[in-house]
Each structure stands twice: as structure tokens, then as C-alpha cells.
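Before any comments, here is the structure.
Numbering (the numbering used here), first residue to last: 225 to 581.
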């Protein structure tokens, strides 16, 4: 064998080993959390009352968890998800995220990810709260996010029609023909397109389906006062927006390297009654009951998560933090209360959680 041939073979082996061992792109993560919606409102959980074809499709193409538990209210769930810690360790007050907390956004940012958040913040203490909490929380730009489009940062404006949103440091008022959830979704889709060739982390704490229960742009009547019908329309529109996010990963050719997690922050509003498998379930938001804390969890990651899998693995909201870090090859910090459910996502046994608090 000539020297030049040996050099060529060595070069080819080096290129092959490099490609196989470490040059594959890091996966993206999209974490979507709808507002005020329990598990009973989804077709993939047995509902025939609500239209959720896009989330149902995610479940068919990925995994559905039957026992994911949030806290019964917005702020406790959001703080828990963003820090990986139990509320007994770092919960301060409603609408407040303590400024000394290191968040999931900061970990992804420090790992070199492009980061974006859109939807509902409610963690600074906006101007409508009492003086003792107003402005005592955390600004979104201090939690690791590069691109930001949020409702309820320092101002309480309309969230649906003619919304007021805080976009990259500036409060912006939109017209009557603009719909807040649509603006947030478009913002994230533009972000995904801009960073399709680089690893990104998207956190989408959705505005929908929190009250007021008002018609959506797709509602048959834009002046309807029917609370139940408007809520059902809002669920359908929420599902539509989730579908747009998922479809964007497919259109960009990045679905196979993108973990998408969908959940809800707490149970459904108590003014809403749903029918599931022949029984009525009154919304349990604010209550430490199954209806108040049991939420949907659907995960999709083609080629990694087995298709059509249903698992009764117990998931707590503190678990999203270590799971997403592990999925992207990051070291999990010491002292978290959360436990990674990545093995279960891969179809493995792992070490399932035995309790939640």
C-alpha cells in the first residue's frame, strides 16, 4: 500500500468518526403550555366535545402521558416549570418569579441555544397587582430569552382582540383586527425560520384558553356571549396554533431534530363543564383535585419517541427542566426537585417517579 493511499484512508476514517461521534446538530426544544385547560378537553384523552385534531395527531405520532400533574394555579406552575424546584423552595407570591432564580431559559442560553418566549408572562407583578407585589418579580429579558413577545409583563392590557403586548422591551398596542394569540404564534414561527439551521429553545406559555371567554377569529359569531361555545371555539383555535408550530418544523425539515412538548398550566376554569366518557367534569382550576391539577402531556420527536405510545408514567411540573436539559446533552444541576422522564420518552423503563407534591 502506498503512502498516499494510507493517508487517504486515514483521512476518510477521521471524517467518518467525526461525523459519527459529535458533529450532529443539537436538538431543538419547543415547550408549549396552554392556559387553564385540563386533560378532559382533548380528543386524544377521549373527548368528543372539543376539536383538537393537531394535538391528537401529535399523540398519534408520539407519546401521550395519562398522569401529568401541574399546580392548580398559573404562577405556581410556571415558577415550578421554569426552575425545576418545588414551590416550597422558591414560590414568593402570585404573579412573581423571584429574581434570584436560575431559569430554564438561562440554561439554554448559556449552552449556546437561540432562545425565544411568547405568550403570557405574569411573573413580574404587573401594574394591576397590589403595591407589595408590583414590579417585585422578574423581567423576561433577565431569564435567558433573546426574543420576547409577551402579554402581561408590566402592564395589564387586552390579551385577545386589540391586544397590548411587550415585544423585545417595548409595549406595543395593536388594533381591533389583531388577535393576540396569532401575533405570538407568528412571532415564534418567524424566530424558528430565522434559526432553522441552529439549535433553538422555544417556550410558548400560550394566552389561550384563559377567560374572558370571547369569540375567536374562526367563531361563527364574533359577537357571541355564549360562554361554553366561546370556550370550545377557543380550544379549537389553541389547537390550530399548536398545529402551525408543529407544521413549521415539518416545513423547515427540522422535525426529526426537534422535541415538542405540549401541556397545560392547570385545570380548566370552574365555570366550564365538560363531558368525558359519559361523565361530566367541572373545571377544577384553583383546587387541589384531579380536575384542578391533572393536565395533558403530549410529546413528539420523530425517530426518538415511539409512535402512538401511551404511558402512565407520573410527571410533575418540576420534571420538564431536567428532561429538556438531558435531551439536549446538558448537565443537570444539583439540587433540583425535578426528575427527568427522557428514558420514558425514548420508550425505556427508566426510573419512574413514585410521588408528586
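Ideal Cβ positions, reconstructed from N, Cα and C, are used throughout, including at glycine.
From the options, pick the residue whose C-alpha is nearest to that of residue i; which is it?
i: residue 462; options: 249, 264, 271 and 279; result: 279
i: residue 252; options: 554, 578 and 581; result: 554
i: residue 324; options: 285, 336, 366 and 300; result: 366
i: residue 488; options: 450, 570 and 428; result: 428
For the beta strand (DSSP E) that contains residue i, what are its first and last residues?
i: residue 540; result: 533–540
i: residue 344; result: 338–344
i: residue 287; result: 287–293
i: residue 506; result: 503–506
i: residue 359; result: It is not in any beta strand (DSSP E) - residue 359 carries neither H nor E in the DSSP assignment.
What is the DSSP secondary structure of residue i, counted as helix, strand or coil?
i: residue 245; result: For residue 245, the predicted model reports a pLDDT of 40, less than 50, meaning its position is unreliable; a value from the coordinates is still stated below. DSSP places residue 245 in helix when its eight states are reduced to three.
i: residue 260; result: coil
i: residue 469; result: helix
i: residue 521; result: strand
i: residue 397; result: strand
i: residue 324; result: coil
i: residue 429; result: strand
Skipping 5 residues on each side, what residues in its chain have a beta carbon closer than 8 Å to that of residue i?
i: residue 380; result: 350, 351 and 352
i: residue 326; result: 307 and 557
i: residue 447; result: 439
So, at 7 Å on beta carbons, what are the nonlocal neighbours of residue i in its own chain, with the 5 sequence-adjacent residues on each side left out?
i: residue 546; result: 308, 556, 560, 562, 563 and 564
i: residue 369; result: 329, 339, 340 and 341
i: residue 250; result: 423, 552 and 553
i: residue 549; result: 331 and 556
i: residue 480; result: 526 and 527
I need the straight-line Cα distance from residue i to residue j, nearest angstrom please.
i: residue 265; j: residue 486; result: 13 Å
i: residue 245; j: residue 566; result: Bear in mind that a pLDDT of 40 at residue 245, under 50, signals an unreliable position, so the number given afterwards is only what the model happens to contain. Approximately 21 Å, taken between the alpha carbons.
i: residue 374; j: residue 395; result: 9 Å
i: residue 542; j: residue 466; result: 23 Å
i: residue 275; j: residue 269; result: 12 Å
i: residue 320; j: residue 432; result: 20 Å
i: residue 420; j: residue 354; result: 42 Å
i: residue 283; j: residue 530; result: 10 Å
i: residue 402; j: residue 277; result: 25 Å
i: residue 404; j: residue 376; result: 12 Å
Between which two residues does the alpha helix (DSSP H) harbouring residue i extend?
i: residue 371; result: Taken as a continuous stretch (DSSP letters only), residue 371 belongs to no alpha helix (DSSP H), being part of the beta strand (DSSP E) at 371–375.
i: residue 407; result: 404–418
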